[in-house]
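Residue numbers for the sequence shown follow full-length UniProt numbering, so the first one is 1 and each next one is one higher.
Some notes on the structure that comes next.
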Amino acid sequence: MDRLLTLEMFVAVAAEGGFAAAARKLGSSPPAVTRGIAALEARLGTVLFHRSTRAVALTDAGEIFLEKAQRILADLAGAERELRGAEAEPGGQLYLTAPVMFGRLHVLPVVGELLAQHAALSVRMMLIDRNVRIVEEGIDVAVRIGALVDSALKAVRIGTVRQMLVASPGYLARHGAPEGVADLNGHNLIRSMGPRASGDWHFVAGRLRVDAQRRLTVNTVDGALAAAEAGMGIANLLSYQVAEAVGAGRLISLLPDDQPPPLPVNLLFEPSRASLPSVRAFVMAMKERGRRKGLG
Numbered sequence: 001m002d003r004l005l006t007l008e009m010f011v012a013v014a015a016e017g018g019f020a021a022a023a024r025k026l027g028s029s030p031p032a033v034t035r036g037i038a039a040l041e042a043r044l045g046t047v048l049f050h051r052s053t054r055a056v057a058l059t060d061a062g063e064i065f066l067e068k069a070q071r072i073l074a075d076l077a078g079a080e081r082e083l084r085g086a087e088a089e090p091g092g093q094l095y096l097t098a099p100v101m102f103g104r105l106h107v108l109p110v111v112g113e114l115l116a117q118h119a120a121l122s123v124r125m126m127l128i129d130r131n132v133r134i135v136e137e138g139i140d141v142a143v144r145i146g147a148l149v150d151s152a153l154k155a156v157r158i159g160t161v162r163q164m165l166v167a168s169p170g171y172l173a174r175h176g177a178p179e180g181v182a183d184l185n186g187h188n189l190i191r192s193m194g195p196r197a198s199g200d201w202h203f204v205a206g207r208l209r210v211d212a213q214r215r216l217t218v219n220t221v222d223g224a225l226a227a228a229e230a231g232m233g234i235a236n237l238l239s240y241q242v243a244e245a246v247g248a249g250r251l252i253s254l255l256p257d258d259q260p261p262p263l264p265v266n267l268l269f270e271p272s273r274a275s276l277p278s279v280r281a282f283v284m285a286m287k288e289r290g291r292r293k294g295l296g
């Protein structure tokens, strides 16, 4: 059986969690997929999947081989796109992911401009406050805020954002404003969930353990922001998340000299996707927006 086809079958079974689901995805039949995986295992001399009547799971060898197989298929797809013309008009579906509020404030306006400019382009956006697995989810470009782990993905920095402590004028009138990090002890602290969720709040001089002080934990940025504006406590959010409320006077920035260094904002994508016209157009537009909006 064709080696490339068996690789596609292997990646599909791993992604879909079963032979029948993989067959539907590939437009094939379960027996054909079963034969393809068997042929691949025979050629490699190892078992790639644990099989049972209820589930299919990767073996240790399968886990190792999966990343290599995905990379081979991605490189091939990238080479095909280059041969079709690197300067082609952006078109097809562009799959993006970003944190919810950053996506709404900064990614969605860029997407709107690109859709208006390129009639053949369509965009699928996943706005979620957690990091998703880019290769496995088939993401073209992901927005990541914060330090990056080492990986084979390409990163393009579009700016930086800052941590900010904020509270409403009403809350500060009742409880007073902290003059230093140590003064946060005894205040009502609002903790949010997501990639930045932690029992620690970081500052230039160290960190503050907030578990004992927190009175409220909220699972969305919008919720934490609303709680702070309602006078329920002090929230630790990012500059782009509170910019409008601080500018309007609904929130007040606290301890700005004690905040840690800014966090980078990067676009992450597979190197093989760099030549895709839609990816190039999106990356260039996001870099321009970062420059215009002062993200860094």
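We treat Cβ as the ideally placed atom computed from N, Cα and C, and that holds for glycine.
When you compare only the Cα positions, how much space is there between residue i and residue j?
i, j, result
"Phe203", "Leu238", "14 Å"
"Ala274", "Ala119", "21 Å"
"Val135", "Ala245", "36 Å"
"Lys154", "Ala22", "29 Å"
"Leu5", "Arg124", "27 Å"
"Lys68", "Val11", "10 Å"
"Leu127", "Arg35", "38 Å"
"Glu229", "Ala173", "13 Å"
"Gly62", "Gly92", "32 Å"
"Glu270", "Val141", "8 Å"
"Lys293", "Leu267", "16 Å"
"Arg71", "Asn131", "20 Å"
"Arg3", "Thr46", "16 Å"
"Thr53", "Val13", "15 Å"
Residue i lies in the alpha helix (DSSP H); which residues open and close that run?
i, result
"Met284", "Pro277 to Arg292"
"Val135", "Ile134 to Glu137"
If you follow the beta strand (DSSP E) that residue i is part of, which residue opens it and which one closes it?
i, result
"Gly159", "Lys154 to Val161"
"Leu172", "No beta strand (DSSP E) holds Leu172; the alpha helix (DSSP H) holding it covers Pro169 to His175."
"Leu189", "Leu189 to Ser192"
"Val143", "Val141 to Ile145"
On the criterion of 16 or more Cβ atoms from any shown chain inside 10 Å, does residue i qualify as buried, or is it exposed?
i, result
"residue 302", "Absent from the structure is residue 302, since the part of the chain shown begins at 1 and ends at 296."
"Asn219", "exposed"
"Pro31", "exposed"
"Pro99", "buried"
"Glu89", "exposed"
"Ala281", "buried"
"Gln241", "buried"
"Ser29", "exposed"
"Asp183", "exposed"
"Arg144", "buried"
"Pro277", "buried"
"Met286", "buried"
"residue 311", "For the chain, the structure presents residues 1 to 296; residue 311 sits outside this window and is missing."
"Ala152", "exposed"
"Leu148", "exposed"
"Ser192", "buried"
Near residue i, which residues of its chain fall below 8 Å by C-beta distance, leaving aside the five closest residues on each side in sequence?
i, result
"Gly249", "Pro169"
"residue 304", "One cannot answer for residue 304 here, as it falls past the ends of the chain, which runs 1 to 296."
"Asp257", "Val204"
"Arg104", "Leu127"
"Leu48", "Phe10, Ile37, Leu40, Glu41, Leu58, Thr59, Ala61, Gly62 and Phe65"
"Ile234", "Leu165, Val166, Ala167, Tyr171, Pro178, Leu184, His187, Asn188, Leu189, Ile190, Ala228 and Leu254"
"Val110", "Phe282, Ala285, Met286 and Arg289"
"Ile252", "Val166, Ala167, Ser168, Pro169, Leu172, Ala177 and Val246"
Within its chain, find whatever has a CB closer than 7 Å to the CB of residue i; leave out the 5 residues flanking it on each side and keep chain order.
i, result
"His175", "His187"
"Thr160", "Pro262, Leu263, Pro264, Val265, Leu295 and Gly296"
"Glu8", "Leu26 and Leu73"
"Pro178", "Leu184, His187, Leu254 and Leu255"
"residue 297", "Lying outside 1 to 296, the shown extent of the chain, residue 297 is not represented and no answer is given."
"Glu16", "Ala22 and Lys25"
"Leu115", "Leu121 and Val123"
"Ser272", "Ala74, Asp75, Ala77 and Gly78"
"Ala226", "none"
Whose C-beta lies closer than 6 Å to the C-beta of residue i among residues of the same chain, with five residues either side of it excluded?
i, result
"Leu255", "Leu165"
"Val107", "Ala98"
"Ile139", "Tyr95 and Thr97"
Just to check, is the beta-carbon of residue i closer than 8 Å to a non-hydrogen atom of the ligand NAD?
i, result
"Gln70", "Here there are no bound small molecules, and the ligand NAD is not part of this structure."
Ignoring anything shorter than 4 residues, give me the alpha helix (DSSP H) runs that lie fully in the segment 82–128, in order along the chain. 108–117
Minimum length 3: unbroken beta strand (DSSP E) runs contained in the UniProt domain "HTH lysR-type" (7–59): 49–51 and 56–58
Minimum length 4: unbroken alpha helix (DSSP H) runs contained in the segment 196–266: 221–229 and 239–247
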